[in-house]
Every structure is written in C-alpha cells, then in structure tokens.
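Asks: Got a structure here, written out as structure tokens. Questions coming.
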Amino acid sequence: MFSVPSLPFAETALQPDMSPETLRLHHGAHHAGYVEKLNALVADTVQAGLALEHLIETSRRSAQPHQQAVFNNAGQHWNHSFFWESLSPNGNDGPSGALADRIAQDFGTFATLRELFVRTGRDHFGSGWIWLAVEGGRLTVITTHDGECPVGTDATPLLCCDLWEHAYYLDHQNRRDAFLEAFIGRLANWPAAEARFADLPAGEVASKEPAKPTGDAPDPRSQFGSPELLVESETLGREQKIAMLEQWHLDLDNRLKAEEEGMSASDPMRATQESRLADEAARVKSCLATLSDRTGEARQGS
Ligand code: MN3
3 MFSVPSLPFA ETALQPDMSP ETLRLHHGAH HAGYVEKLNA LVADTVQAGL ALEHLIETSR
63 RSAQPHQQAV FNNAGQHWNH SFFWESLSPN GNDGPSGALA DRIAQDFGTF ATLRELFVRT
123 GRDHFGSGWI WLAVEGGRLT VITTHDGECP VGTDATPLLC CDLWEHAYYL DHQNRRDAFL
183 EAFIGRLANW PAAEARFADL PAGEVASKEP AKPTGDAPDP RSQFGSPELL VESETLGREQ
243 KIAMLEQWHL DLDNRLKAEE EGMSASDPMR ATQESRLADE AARVKSCLAT LSDRTGEARQ
303 GS
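The sequence shown begins at 3 in the working numbering and counts up by one.
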C-alpha cells in the first residue's frame, strides 16, 4: 500500500505564493486521490507490493487501459512526492556551491535559467510538469505531459514544479507564469537540489568541457542546451541562428529515425524517448518560426 508523504513544511509556510487552501486541496485531495486510486488498481493483482518505480517503468505506454491507469496514478504519486521535496520556505537565497557553478557553466547566469524555466513552463500546453534535470552530462530544463515522469529515462531530476491548474489556480488564477516566477524565485528548495546534484555519479556530470563537435560546425545542442537560449544569444547573427536551428532539427530527426530503427516497438522506453525528442523538435521549430517572423522592425507586442 502506498501512502501520501507528510508535507515537509507547515501548510501556512509558503503563503502568499501558495496558500494553505491550495496545499490542503493539492496535498490532501489531489495527491491523496492518486494514491487511493493506485492502491485500488494494484490491490489483489500481481502488481501488489511492487515498488513505485517498478510500476512506473512496467506500465509506461502499455496499450491496456488498466495499465495506463496504473501508470498515470503511479507517475502522479512519484511526481507529487518529488514536488513537495522541491518546495521550501527557506529556499530564497537561490542555488549555491557546485550547483550554482554548474548553472553558470550551462546557462550563463541564474537569471537566464529563471527566465528559461518560466518561459518553458508557461509555454507547455496543457497539464504536466517542469523539471530542472541533468541529462547528457549537463543541466537542462524539460517538461513532461500529464503524469509522465523522469523515472527510467535519461534525465535525472533535481527540482520539479507542477504545471497542472490545481497547483496554482486558487492563488494565481490563470497566471501560470506568476506561479512559476514564485516557484523559481522564492519557493524552490535549492539545498535539496544541491544535495541531489552532489549525489550524482561522477560520470553523469563529469564533462566540464563542452562536448566537442565532430565536424567543423559546432553542435548547437551542446553549445546552448536549449533552442530558446540560442535564439536569445547576443553573439550570433540571425542567419547563423537559423542555420544552427536547422542543423539542430536535422539532428533530432536523425535521432528519431535511429530510435525507430534501433529499438523494438514494444520497448516502453522507446515511446518516451521519442516523445521527448519530438517535444524538443517542436521547440526548435517554434524558435525557427520566431526568428523567421523577426524582420528589420522591432517585434510586436510582448
Ligand atoms: Mn498536482
């Protein structure tokens, strides 16, 4: 039987960014509801007694409705448990130590990471989660849809924020970006993220040097980490940015094709990896569209 972990802080500790009313509903009704459903789904089945991570990995992308329900509720239990640990009334000083150094190395400045985090979470369509994670030897900001979670993927999460409306609607109404500003600026549990970062196996974050490109052209993914950061670069011209984004998109296409050829259709990891690559490709495309819209005149609005 799974149970809802206690909140690691008082219900009043995060106001006004997160009110006691939000926490009571979110923790006591939403999270508790996922746990209750999960327990009912696995009770008296061969899955009873299995570890949460095992349930997530084995039910991921199953075609059976029952297993899909197991996955959704198990993922939501894991994600919410991680979310409560990602919040702190005392996290206001921002990252420090080795994690702060790594943020400077991978994003340039903490302000750039904050901006990227808020923009990426704001632009995520529908329900899901946003993560600061380590993947491919560097820090990255990724989102997952609905109950999808990083368990069993290449990404190791350091922090997460809930993008479902129930996480912010009472306190911020439709302003998801205001909630994300509050999270990354005031609520994020940086000491917990630093501890997770310190616990990573050395090989996972070893590459102090940026990955060496194989050809003459620099690899934009290892250079910028996210297509949004490439667009914002002040050292590149518009044509260079377009060329690099097109190369980025081509690389993703090739990786998607390799996934399709290299792994069996029944491999649950394949679908997850493919959906992650497709999400990244969509972001690259959207950045290309942004650049194409930019003429000699100033951008309108925003
Ligand atoms: Mn939630």
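In this text, a Cβ means the ideal position worked out from N, Cα and C, and glycines have one as well.
1. Would Phe127 be called buried (16 or more neighbouring beta carbons within 10 Å of its own) or exposed?
2. Can you grab the Cα-Cα spacing for the pair Arg177 / Asp46, in whole Å?
3. In its own chain, which residues sit with a C-beta less than 6 Å from the C-beta of His82, not counting the 5 before and 5 after it?
4. Give me the Cα-Cα distance between Phe85 and Arg257, rounded to the nearest whole angstrom.
5. Is Leu238 helix, strand or coil by DSSP?
6. Can you tell me whether Pro215 is buried or exposed, with buried defined as 16 or more other CB within 10 angstroms of its CB?
7. Is Asp108 close to chain C, meaning its C-beta is less than 7 Å from at least one C-beta of that chain?
8. Is Asp164 near the ligand MN3, with its Cβ less than 6 Å from a heavy atom?
9. What residues match up with Thr145 in a beta bridge as DSSP calls it?
10. The beta strand (DSSP E) that contains Asp164, what's its start and end?
11. Taking the continuous alpha helix (DSSP H) assigned at Pro22, which residues delimit it?
12. Considering only their Cβ atoms, is the gap separating Thr274 from Thr155 smaller than 7 Å?
13. Which same chain residues end up closer than 8 Å to Gly217 when comparing Cβ atoms and leaving out the 5 residues on each side of it in sequence?
14. Any heavy atom of the ligand MN3 closer than 6 Å to the CB of Ala169?
15. Put Ser140 into one of helix, strand or coil per three-state DSSP.
16. Just confirm the distance between the C-beta atoms of Ala135 and Thr145, as a whole number of angstroms; I'd bet it's less than 8 Å.
17. Residues in the same chain with beta-carbon distance under 6 Å from Val6, minus the five sequence neighbours each way, listed in chain order, please.
18. Identify which residue in Leu52, Ala106, Gly96, Leu40 has its Cα closest to the Cα of Asn74.
19. Could you compute how far the alpha carbon of Ser293 sits from the alpha carbon of Ala204?
20. Compute the beta-carbon to beta-carbon distance between Leu118 and Glu276, rounded to the nearest angstrom, for a pair I have assumed lies under 8 Å.
21. Name the DSSP beta bridge partners of Ala190, please?
22. Thinking C-alpha only, which one of His68, Val72, Gln66 is nearest Leu54?
23. Count the other CB atoms within 10 Å of the CB of Val48; is the residue buried (16 or more) or exposed (fewer)?
24. Just to confirm before moving on: does the CB-CB distance between Asp108 and Gly227 stay below 7 Å?
25. What are the boundary residues of the alpha helix (DSSP H) that Phe181 is part of?
26. Give the range of the alpha helix (DSSP H) segment to which Thr114 is assigned.
27. Which residues bound the alpha helix (DSSP H) around Gly99?
28. With C-beta atoms as the reference, is Cys325 less than 7 Å away from Ser88?
29. Once you ignore the five residues that flank Glu183 on each side, which residues in its own chain have a CB closer than 6 Å to its CB?
30. For Leu40, report the span of its alpha helix (DSSP H) as first-last.
31. Nearest CA to the CA of His79: which residue from His28, Ser64, Asp221, Ser90?
32. Under a Cβ-count criterion, where at least 16 other Cβ atoms within 10 Å of its own Cβ denotes burial, should Met3 be classed as buried or exposed?
Replies: Taking the definition as stated:
1. One-based indexing of the sequence shown puts residue 127 at position 125. Classification of Phe127: exposed, given that the 10 Å Cβ count is below 16.
2. Position 175 of the sequence shown holds residue 177. Position 44 of the sequence shown holds residue 46. Near 43 Å, if we compare the C-alpha coordinates of Asp46 and Arg177.
3. Start at 1 with the first residue of the sequence shown, and residue 82 comes out as number 80. Hits under 6 Å: His33.
4. Taking the sequence shown and counting its residues from 1, one reaches residue 85 at position 83. Taking the sequence shown and counting its residues from 1, one reaches residue 257 at position 255. Straight-line Cα distance between these residues: approximately 31 Å.
5. Counting from one through the sequence shown, the residue named residue 238 turns up at place 236. In this structure, Leu238 counts as coil in the three-state DSSP scheme.
6. Counting from one through the sequence shown, the residue named residue 215 turns up at place 213. Reliability fails at Pro215, whose pLDDT of 43 lies under 50, so the model's placement of it is uncertain and the value that follows must be treated cautiously. The residue is exposed, with fewer than 16 neighbouring Cβ atoms inside 10 Å.
7. The chain inventory of the structure shown lacks chain C, comprising one protein chain alone.
8. In the sequence shown, residue 164 corresponds to position 162, counting from 1. Yes, the Cβ of Asp164 comes within 6 Å of a heavy atom of the ligand MN3.
9. Indexing the sequence shown from 1 puts residue 145 at position 143. Answer is Ile132, bridged to Thr145.
10. Locating residue 164 in the sequence shown gives position 162, where the first residue counts as 1. Looking at the DSSP string, the run of the beta strand (DSSP E) that includes Asp164 is 158–164.
11. The residue given as residue 22 occupies position 20 in the sequence shown. Element bounds for Pro22: 22–27.
12. In the sequence shown, counting from the first residue as 1, residue 155 sits at position 153. In the sequence shown, counting from the first residue as 1, residue 274 sits at position 272. Closer than 7 Å, so yes.
13. As a first step, residue 217 must be located in the sequence shown, where it is residue number 215. Residue confidence for Gly217 is low, a pLDDT of 48 falling below 50, so the modelled location carries little weight; the figure read from the coordinates is stated next. Closer than 8 Å at Cβ, skipping near neighbours: no residue.
14. Walking along the sequence shown from the start, residue 169 turns up at place 167. Yes, Cβ of Ala169 sits closer than 6 Å to a heavy atom of the ligand MN3.
15. One-based indexing of the sequence shown puts residue 140 at position 138. Note on residue identity: the sequence assigns Arg, not Ser, to residue 140. Three-state result, Arg140: strand.
16. As a first step, residue 135 is located in the sequence shown; it is residue number 133 there, counting from the start. As a first step, residue 145 is located in the sequence shown; it is residue number 143 there, counting from the start. Rounded, the Cβ-Cβ distance is 10 Å, inconsistent with contact.
17. In the sequence shown, counting from the first residue as 1, residue 6 sits at position 4. His33, Ala34, Val37, listed in sequence order.
18. Start at 1 with the first residue of the sequence shown, and residue 74 comes out as number 72. Among Leu52, Ala106, Gly96, Leu40, the Cα nearest to that of Asn74 belongs to Leu40.
19. In the sequence shown, residue 293 corresponds to position 291, counting from 1. In the sequence shown, residue 204 corresponds to position 202, counting from 1. This sequence places Leu at residue 293; Ser is not what is there. Going from the Cα of Leu293 to the Cα of Ala204 covers about 38 Å.
20. Reading the sequence shown from its first residue, position 116 is the one you call residue 118. Reading the sequence shown from its first residue, position 274 is the one you call residue 276. That pair is no contact at about 24 Å.
21. Numbered from 1 along the sequence shown, position 188 holds the residue referred to as residue 190. Answer is Leu89.
22. As a first step, residue 54 must be located in the sequence shown, where it is residue number 52. For the residues His68, Val72, Gln66, the minimum Cα distance to Leu54 belongs to Val72.
23. By one-based count along the sequence shown, residue 48 stands at place 46. Exposed, because fewer than 16 other Cβ atoms sit within 10 Å of the Cβ of Val48.
24. The count along the sequence shown starts at 1 and reaches residue 108 at position 106. The count along the sequence shown starts at 1 and reaches residue 227 at position 225. It is a contact, given that the beta carbons lie within the stated cut-off.
25. On the sequence shown, position 179 is the one that residue 181 refers to. Taken as a continuous stretch (DSSP letters only), the alpha helix (DSSP H) holding Phe181 covers 178–184.
26. Numbered from 1 along the sequence shown, position 112 holds the residue referred to as residue 114. Segment 112–125, the alpha helix (DSSP H) holding Thr114.
27. Translated into positions along the sequence shown, residue 99 becomes position 97. Counting along the chain, the alpha helix (DSSP H) containing Gly99 begins and ends at 99–109.
28. What the structure shows of the chain is the stretch from 3 to 304, and residue 325 is not part of that stretch, so it cannot be assessed.
29. To locate residue 183, count along the sequence shown from 1; it is residue 181. Cβ within range, chain order: Val120.
30. Counting from 1 along the sequence shown, the entry for residue 40 is found at position 38. Leu40 -> alpha helix (DSSP H) spans 34–44.
31. By one-based count along the sequence shown, residue 79 stands at place 77. Considering only alpha carbons, the answer is His28.
32. Your numbering for residue 3 matches position 1 in the sequence shown. Flag for Met3 reads exposed.
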